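Mapping of the sequence shown onto full-length UniProt numbering: residues 1 to 205, in sequence order.
Note that CB positions come from ideal geometry on N, CA and C, so glycine has one too.
Remember, predicted model here, so these are calculated numbers, not experimental data.
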Amino acid sequence: MPDTRLHQGYGSSETGSICNCQYNAPGETLNSLGKPYPCVEVILENEDGSRITEPNREGYIRSRSGMNMLGYYKEPELTASVLKNGFIYSHDLMFFDERGELHFAGRGDDVINVRGFKVAPTEVENTALRFDQIADCVCLPFDALMGKELKLFVVMKEGEEFDPVGITAFLESRLEPYKVPKYIESIREIPRTYNGKIDRKALLK
């Protein structure tokens, strides 16, 4: 299907569509969500509410447009916690690249505090999936003597040998030291819930 167009978008019920990217269009960036629509104002903030202006720095996305919801039905307190100064406040972590295109970094709710550093497990997982022999993986926190550490569960491709040393070296060449999992375990499959989401609780048992 040479004429097929593959699009990736981002938005929510509260915001409507915020941006869109055609993956196979000339000049488009792989894994980008595209630039926000002209009618949508997007800012990124730190946890303390300070605005992030430099590229490649993760922050919580806030968006304002005519598509934003007016509020949750008969839920004034919930509405006030999400809708502030016309902006919808999300727990999604994003960053802008040098071209002004948005990239999804993970859910703020899933962020793991490792020795004072905040790590989005999706970044570790997406990096690990670039290792040719890995078919699937999930990064989770575990309690260690000095606090939280990272553990990576991997499913190897059929016929491939589990190589924790090679995987660690691969991650070390692409991630900051605190983002490299301390432990790596090979499992047969990643447990998932009925709707296809990773069953993190099952892995933590």
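Between the beta-carbon of Glu58 and the beta-carbon of Arg51, is there less than 8 angstroms? Arg51 is positioned such that its CB atom lies no closer than 8 angstroms to that of Glu58.
Taking 8 angstroms as the threshold, find out whether the segment 89-102 comes into contact with the segment 70-77 through three or more Cβ pairs. Flag = no, the segment 89-102 and the segment 70-77 do not touch.
Would you kindly work out how many angstroms separate the C-alpha atoms of Glu54 and Lys197, rounded to a whole number? About 32 angstroms.
Kindly indicate which three-state DSSP category Ser17 falls into: helix, strand or coil? Residue state for Ser17 is assigned as strand, using DSSP reduced to three classes.
Quick one: is Cys139 buried, meaning 16 or more other Cβ sit within 10 Å of its Cβ, or exposed? With 16 or more neighbouring CB atoms inside 10 Å of its own CB, Cys139 falls in the buried class.
Taking the beta strand (DSSP E) that Phe96 belongs to, which residues open and close that run? Where Phe96 is concerned, the enclosing beta strand (DSSP E) stretches over 87-96.
How many angstroms separate the CA atom of Val180 from the CA atom of Glu98? Val180 and Glu98 have their alpha carbons spaced roughly 25 angstroms apart.
Excluding the five sequence neighbours on either side, which residues of its own chain have a C-beta within less than 8 angstroms of the C-beta of Leu175, listed in chain order? If we look at Leu175 and ignore the five residues flanking it on each side, its Cβ neighbours are Glu123, Val124, Thr127.
From Cys21 to Tyr10, what distance separates their C-alpha atoms? Answer to the nearest angstrom: the Cα atoms are 9 angstroms apart.
Opposite Pro36 in the DSSP bridges: which residues? DSSP output for Pro36 lists Cys19 as bridge partner(s).
Let me check understanding here. Comparing Cα to Cα, which of Val40, Tyr60, Lys118 lies closest to Leu150? Comparing alpha-carbon positions, the option among Val40, Tyr60, Lys118 lying closest to Leu150 turns out to be Lys118.
Euclidean distance between Cα positions of Thr168 and Lys205: Whole-angstrom Cα-Cα distance: 24 angstroms.
Spatial neighbours of Phe87 in its chain, beta-carbon cut-off 6 angstroms, leaving aside the 5 residues before and after: Here the set comprises Arg62, Arg64.
How big is the Cα-Cα spacing for Glu158 and Leu145? In a straight line, the C-alpha of Glu158 is about 35 angstroms away from that of Leu145.
For Cys39, count neighbouring Cβ atoms within 10 angstroms of its own Cβ and tell me buried if that reaches 16, exposed if not. Cys39 should be labelled exposed.
In terms of alpha-carbon separation, which member of Ser17, Pro177, Asn68 lies closest to Asn85? Checking every option, the nearest Cα to that of Asn85 belongs to Asn68.
Euclidean distance between Cα positions of Gly116 and Lys148: So the two alpha carbons sit approximately 9 angstroms from each other.
How about Ile190 and Met156: are their beta carbons less than 8 angstroms apart? Between Ile190 and Met156, the C-beta spacing is not below 8 angstroms.
Can you grab the Cα-Cα spacing for the pair Glu161 / Gly16, in whole Å? Using only the alpha carbons, I get a separation of about 44 angstroms.
Val154: first and last residue of the uninterrupted beta strand (DSSP E) it sits in: For Val154, the enclosing beta strand (DSSP E) begins and ends at 147-156.
In the DSSP assignment, what residue or residues form a beta bridge with Val119? DSSP, once it has assigned bridges, lists Ile112 as partnering Val119.
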